[in-house]
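Peer 1: Residue numbering for the sequence shown follows our numbering, starting at 178 and increasing by one per position. Quick reminder that beta carbons are idealized off the backbone N, C-alpha and C, glycines included. From a predicted model like this one, the values you see are computed outputs, not experimental measurements. First the structure, which I've put down as structure tokens, then a few questions once you've had a look.
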Amino acid sequence: MIVVQTPLRISFAGGGTDFKEFWAREEGWVVSSAIDKYIYVIVKERFDDRIYINYSEKEIVDSVDDIKHELVREAMRKTGVSYGVEITTLADIPSEGSGLGSSSSVTVGLLNALYAFKGIQQPAEVLAQQACEIEIDILGKPIGKQDQYIAAYGGLRFFKFLKDGKVEVEKLPVYNENYRRFGSNLMLFYTGRTRSADNILKKQKQNTDDNIEYLRKIKYQAAEIKEYLLTNQFDKVGNVLRETWEYKKKLADGITLPEIEAMYQKALDAGALGGKISGAGGGGFLLLYCSRDKQNRVKEALKNYREFPFLLEQDGSKVIFNYRRYVWK
């Protein structure tokens with residue numbers, strides 16, 4: 178039996194510049210962090226040759242080609258595991274559409290677990306790259322590459338998405354007390370809405386040419402946040418979050434809604450320095466930067482919304498249990 182733990186993520190700035198439509202013409206920059214909420218993938222050998230898959234549904238099939246869960250199907254094809262296995266996915270969040278990168282965390286976790294099942298340890302770069310191939314190239318999802326990379330690498334990272342398709346990964350050296358202090362100033366609240374990101378992201382991709390100046394500003398905001406993190410000017414991160422949300426809302430219809438704006442304004446009025454919807458927008462989780470002394474006021478202002486307490490996570494996808502009686506054939 179193999180158990181793999183893969184983190185979810187929050188993104189601070191640069192989202193949208195990790196799309197090929199942007200980085201193929203001028204490299205994209207993103208700052209994001211893994212958090213201590215996870216997707217778990219369990220892979221267990223079966224006595225028979227059938228394939229069992231457990232998620233919100235249960236599938237029992239004889240062939241990889243018959244699997245409905247497209248991420249499981251393509252991860253099995255990619256890793257070469259084709260029969261005699263039971264795969265279970267579990268999550269710390271209840272559904273898709275959270276904006277915390279859950280789909281890519283599932284893909285990275287599946288690859289990691291299936292490779293481990295075969296006795297192969299793949300580096301983070303391979304897991305991230307292959308997850309991008311599955312989601313973007315094979316399944317044609319209208320997404321960028323940041324989610325796969327932060328799920329694989331973990332930590333607090335600055336990513337450069339280069340014009341040749343390569344990705345430079347930089348771990349930001351914010352440690353110990355400063356790391357804890359920065360993380361303690363971040364809050365997540367559930368908007369009460371989940372959504373499929375596909376429609377918003379399709380519009381965003383189609384609007385790339387029209388939005389190029391906004392995307393450039395969002396890109397340079399990622400560099401600003403990197404600088405503030407490296408110099409421990411954490412409150413300035415809150416100000417940049419406030420600015421980047423204003424640019425993000427201009428990228429496509431549906432990114433914000435009146436109820437989201439009202440929720441956000443309540444948080445600002447109560448003392449939050451800034452924030453943004455995590456992910457594509459339209460629902461999911463509202464990320465806020467708020468100093469500790471103002472957080473009780475924010476919680477009271479948003480008492481009708483569920484808080485999602487979290488910490489920043491240093492590790493990316495990893496095997497946390499590995500019991501193999503013999504090598505899978």
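On a Cα-Cα basis, can you pick out the residue from 255, 281 and 254 that is closest to residue 266?
Peer 2: One-based indexing of the sequence shown puts residue 266 at position 89. Ranking the options by Cα distance to residue 266, first place goes to 281.
Peer 1: Please look up how many angstroms separate the CB atoms of residue 409 and residue 362, rounded, as I've assumed it's under 8 Å.
Peer 2: Here the question's residue 409 lines up with position 232 in the sequence shown. Here the question's residue 362 lines up with position 185 in the sequence shown. Not a contact, Cβ separation roughly 12 Å.
Peer 1: Enumerate in chain order the residues of its own chain whose CB-to-CB distance from residue 286 is below 6 Å, with the five nearest sequence positions on each side excluded.
Peer 2: For the purposes of this step, residue 286 is taken as the residue at position 109 of the sequence shown. Here the set comprises 181, 183, 216, 218 and 494.
Peer 1: If you drop the 5 nearest sequence neighbours on each side, which residues of the same chain put their C-beta closer than 7 Å to that of residue 466?
Peer 2: Your numbering for residue 466 matches position 289 in the sequence shown. Closer than 7 Å at the Cβ level, and outside the excluded window around residue 466, lie 362, 363, 414, 415, 418, 449, 450, 451 and 452.
Peer 1: Can you list, in chain order, the residues of its chain whose CB lies under 6 Å from that of residue 289, leaving out five sequence neighbours each side?
Peer 2: Translated into the one-based positions of the sequence shown, residue 289 becomes position 112. If we look at residue 289 and ignore the five residues flanking it on each side, its Cβ neighbours are 181, 304 and 494.
Peer 1: Which class does residue 443 belong to by DSSP, given the choice of helix, strand or coil?
Peer 2: Locating residue 443 in the sequence shown gives position 266, counting from the first residue. DSSP places residue 443 in helix when its eight states are reduced to three.
Peer 1: On the DSSP bridge list, what partners appear for residue 217?
Peer 2: In the sequence shown, the residue the question calls residue 217 occupies position 40. Paired residues: 182 and 267.
Peer 1: Exposed or buried, residue 340, counting other C-beta atoms within 10 Å across all chains shown (16 or more means buried)?
Peer 2: Here residue 340 refers to the residue found at position 163 when the sequence shown is read from its first residue. Residue 340 comes out exposed.
Peer 1: Looking at C-alpha atoms only, which residue of 329, 427, 239 and 474 is the closest neighbour of residue 258?
Peer 2: Walking along the sequence shown from the start, residue 258 turns up at place 81. Looking at the Cα atoms, 239 is the closest of the given residues.
Peer 1: Cutting at 6 Å between CB atoms, please list the residues of its own chain near residue 179, excluding the five before and the five after it.
Peer 2: As a working note, residue 179 is residue 2 in the sequence shown. Around residue 179: 220, 290, 293, 294 and 499.
Peer 1: Output the distance between the C-alpha atoms of residue 190 and residue 209, rounded to the nearest integer angstrom.
Peer 2: Mapped onto the sequence shown, residue 190 falls at position 13. Mapped onto the sequence shown, residue 209 falls at position 32. Taking the straight line from one Cα to the other gives about 7 Å.
Peer 1: For residue 236, report the span of its beta strand (DSSP E) as first-last.
Peer 2: Position 59 of the sequence shown, counted from the start, is the residue given in the question as residue 236. That run of the beta strand (DSSP E) goes 235-238.
Peer 1: If I'm right that residue 212 touches residue 488 with Cβ under 8 Å, what's the distance once you round it to whole angstroms?
Peer 2: Position 35 of the sequence shown holds residue 212. Position 311 of the sequence shown holds residue 488. Contact flag correct, Cβ pair sits at about 7 Å.
Peer 1: What residue does the beta strand (DSSP E) around residue 413 start on, and which one ends it?
Peer 2: Start at 1 with the first residue of the sequence shown, and residue 413 comes out as number 236. Premise fails: residue 413 lies in the alpha helix (DSSP H), 411-425, not in any beta strand (DSSP E).
Peer 1: So, are the CB atoms of residue 403 and residue 424 less than 7 Å apart?
Peer 2: As a position in the sequence shown, residue 403 is number 226, starting the count at 1. As a position in the sequence shown, residue 424 is number 247, starting the count at 1. Cβ atoms of residue 403 and residue 424: not closer than 7 Å.
Peer 1: My understanding is that residue 430 touches residue 380, with C-beta atoms under 8 Å, so please give their C-beta distance in whole angstroms.
Peer 2: The sequence position of residue 430 within the sequence shown is 253, counting from 1. The sequence position of residue 380 within the sequence shown is 203, counting from 1. Yes, they are in contact, since the Cβ atoms of residue 430 and residue 380 sit about 6 Å apart, within 8 Å.
Peer 1: With H, G and I counted as helix, E and B as strand and the rest as coil, what does DSSP make of residue 380?
Peer 2: As a first step, residue 380 is located in the sequence shown; it is residue number 203 there, counting from the start. Of the three classes helix, strand and coil, the one that applies to residue 380 here is helix, per DSSP.
Peer 1: Which partner residues of residue 206 appear in the DSSP bridge assignment?
Peer 2: Along the sequence shown, one-based indexing puts residue 206 at 29. Answer is 337.
Peer 1: Is the beta carbon of residue 464 closer than 7 Å to that of residue 187?
Peer 2: Sequence index remark: in the sequence shown, residue 187 carries index 10 (1-based). Sequence index remark: in the sequence shown, residue 464 carries index 287 (1-based). Yes; because the gap between Cβ atoms is below 7 Å, this pair is in contact.
Peer 1: Sorted by chain position, which residues of the same chain lie with C-beta nearer than 6 Å to residue 207's C-beta, five sequence neighbours on each side aside?
Peer 2: As a position in the sequence shown, residue 207 is number 30, starting the count at 1. 191, 195, 323, 336 and 399.
Peer 1: Using only CA atoms, which one of 497, 492 and 443 lies nearest to residue 476?
Peer 2: The residue given as residue 476 occupies position 299 in the sequence shown. Selected option, being the one with the closest Cα: 443.
Peer 1: Report yes if the C-beta distance between residue 251 and residue 315 is below 7 Å; otherwise report no.
Peer 2: Against the sequence shown, residue 251 aligns to sequence position 74. Against the sequence shown, residue 315 aligns to sequence position 138. In contact: residue 251 and residue 315 (Cβ atoms closer than 7 Å).
Peer 1: With distance defined between alpha-carbon atoms, name the residue in 231, 234, 233 and 253 nearest to residue 241.
Peer 2: Counted from its first residue, the sequence shown places residue 241 at position 64. Per the Cα distances, 253.
Peer 1: Would you list the residues sitting across from residue 483 in a DSSP beta bridge?
Peer 2: The residue you call residue 483 lines up with position 306 of the sequence shown. DSSP output for residue 483 lists 367 as bridge partner(s).
Peer 1: How is the alpha helix (DSSP H) around residue 359 delimited, first residue to last?
Peer 2: Working through the sequence shown from its first residue, we reach residue 359 at position 182. Start and end: 353-361.
Peer 1: According to DSSP, what are the bridge partners of residue 498?
Peer 2: By 1-based counting over the sequence shown, the position of residue 498 is 321. Partner(s): 180.
Peer 1: Which word fits residue 320, buried or exposed, when buried means at least 16 other C-beta atoms lie within 10 angstroms of its C-beta?
Peer 2: Taking the sequence shown and counting its residues from 1, the one referred to as residue 320 is at position 143. It is buried - the Cβ of residue 320 has at least 16 other Cβ atoms within 10 Å.
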